[in-house]
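Okay, so here's the structure we're looking at.
Residue numbers (my numbering): 17 to 372.
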């Protein structure tokens with residue numbers, strides 16, 4: 017049978033051709049709904065003939081659920097976030113939810129596009145690499161829309177969050193470098209108001225200070241390639257350049273390695289140890305072999321989606337803060353200490369020990 021009209025095909029037309037009720041058509045296209053195999057086959061046959069597709073927006077008006085999760089993300093030149101986006105899309109698709117992407121500002125504030133997000137009647141929101149003001153966070157709670165911060169947290173904790181233990185991981189990095197007999201340290205920081213950056217800086221610097229390190233410098237990279245290059249040049253051209261650098265993420269760490277090698281002729285790790293954070297794909301490439309604190313994307317995404325689904329289904333928003341464990345993956349960009357490096361599941365990891 018061929019379609020004779022050019023307007024959108026309705027469920028009523030499908031029901032008429034299939035010889036069933038309109039509610040049977042609706043149940044056929046509703047996952048998990050009760051429908052007999054014979055009726056289902058008649059509906060699908062009529063739908064194919066007419067070119068019918070159910071209207072998800074219209075269905076959301078009836079069910080008060082859009083099955084859409086809004087995801088706000090920026091900083092796509094950092095490979096961590098494309099990995100996160102792909103994993104989120106796949107996980108939500110497995111649950112018959114759809115991901116609607118909004119690109120946030122590089123300054124990390126999502127307030128500008130908040131109205132756009134709310135116009136799409138999303139069932140939940142994931143904020144990755146961006147933050148939400150207290151006022152808008154409270155507005156989401158009032159509207160019954162759960163929000164999960166991914167790799168970001170807030171002091172007031174009005175929204176749920178999923179993170180690795182940034183401060184503890186940075187402490188472990190400091191212990192690793194101290195155990196490797198480094199003397200001159202630098203931290204290349206991310207955005208000054210980023211919760212992850214602040215925790216990493218605190219863990220790194222306070223641990224070094226506690227163990228008596230005298231030469232510790234902090235320079236701003238702001239998660240930006242050009243600013244990171246400037247910061248690296250400042251460090252390497254100083255009278256006493258560092259022999260160990262911890263960058264707030266892998267994207268900056270890889271930039272630092274390239275500048276050290278190709279602009280200043282430094283050998284890695286003989287002259288300089290470099291450590292990053294995230295353990296993204298390029299970190300494992302032989303040309304970099306970057307030692308990096310891992311952020312296990314799948315585990316973090318699973319925790320994020322589980323929080324969203326729990327709050328969507330219960331229709332109750334009780335903020336939860338989830339911390340996913342990570343490890344320090346040891347490769348060849350940093351001088352290894354004599355003790356503490358172990359092999360597990362095909363990776364070299366650092367087992368923290370008390371540093372004298």
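For glycine and all other residues, C-beta sits at the position ideal for the given N, C-alpha and C.
In the three-state scheme derived from DSSP, where H, G and I count as helix and E and B as strand, residue 129 is classed as helix. Runs of the alpha helix (DSSP H) lying entirely within the segment 258 to 287 and spanning at least 4 residues, in chain order: 266 to 278. Closest in alpha carbon position to residue 175, among 199, 185, 181, 162, is 162. Assignment of residue 336 by DSSP, reduced to helix, strand and coil, places it in the coil class. Straight through space, the alpha carbons of residue 61 and residue 35 are spaced by roughly 11 Å. Following the DSSP letters along the chain, one finds residue 314 inside the alpha helix (DSSP H) bounded by residues 313 to 330. Segment contact: the segment 224 to 234 against the segment 291 to 307, fewer than three CB-CB distances shorter than 8 Å; contact not assigned. Taken atom to atom, the span from the alpha-carbon of residue 119 to that of residue 95 is near 15 Å. Bounds of the beta strand (DSSP E) holding residue 293 are 289 to 294. Nearest C-alpha to residue 217 among 310, 183, 270: 183. Looking from the CA of residue 315, the closest CA among 104, 249, 306 belongs to 104. For the pair residue 352 and residue 215, the Cα-to-Cα distance works out to about 24 Å.
Residue 333 is a Cβ neighbour of residue 160, given a cutoff of 8 Å. For residue 55, the CB contacts under 7 Å within the same chain, skipping 5 residues up- and downstream, are 36, 40 in chain order.
About 6 Å separates the beta carbon of residue 205 from that of residue 264, a gap short enough to meet the 8 Å contact definition.
Cβ-Cβ distances below 8 Å link residue 164 to 140, 141, 142, 143, 175, 176, 177, 178, 320, 323, 324 in the same chain, with the five nearest sequence neighbours on each side left out; the list follows chain order. If you draw a 10 Å sphere on the C-beta of residue 92, you find fewer than 16 other C-beta atoms in it, and that means exposed. In summary, residue 170 is buried, with 16 or more beta-carbon neighbours lying within 10 Å of its beta-carbon over all protein chains present. By the neighbour-count criterion, in which 16 or more other beta carbons inside 10 Å mark a residue as buried, residue 258 falls on the buried side. Residue 312 sits away from residue 281, with the two beta carbons spaced by 8 Å or more.
Within 10 angstroms of the beta-carbon of residue 331 lie fewer than 16 other beta-carbons, which makes it exposed. The beta carbon of residue 50 sits closer than 7 Å to those of 43, all from its chain and outside the five residues before and after it, given in chain order. Relative to residue 46, the option among 186, 81, 310, 269 whose CA is nearest is 81. Bounds of the alpha helix (DSSP H) holding residue 245 are 241 to 252. Look at residue 177 here: in three-state DSSP terms it is strand. Contact check for residue 99 against residue 296 passes: the beta carbons are separated by less than 8 Å. Residue 187 places its beta carbon less than 8 Å from that of residue 219. The Cβ atoms of residue 83 and residue 114 sit closer than 8 Å to each other. Straight across, the Cα-Cα distance linking residue 89 with residue 33 is about 45 Å.
Of the residues assessed, residue 355 falls on the exposed side of the cut-off, its CB having fewer than 16 other CB atoms within 10 angstroms. When the beta-carbon positions are compared, residue 345 and residue 107 stay at least 8 Å from each other. As far as DSSP is concerned, residue 64 takes part in no beta bridge. Pairing residue 200 with residue 102, the inter-Cα distance amounts to about 39 Å. DSSP places residue 222 within a helical segment (H, G or I) once states are collapsed to three. Per DSSP, the beta bridge partners of residue 363 are 360.
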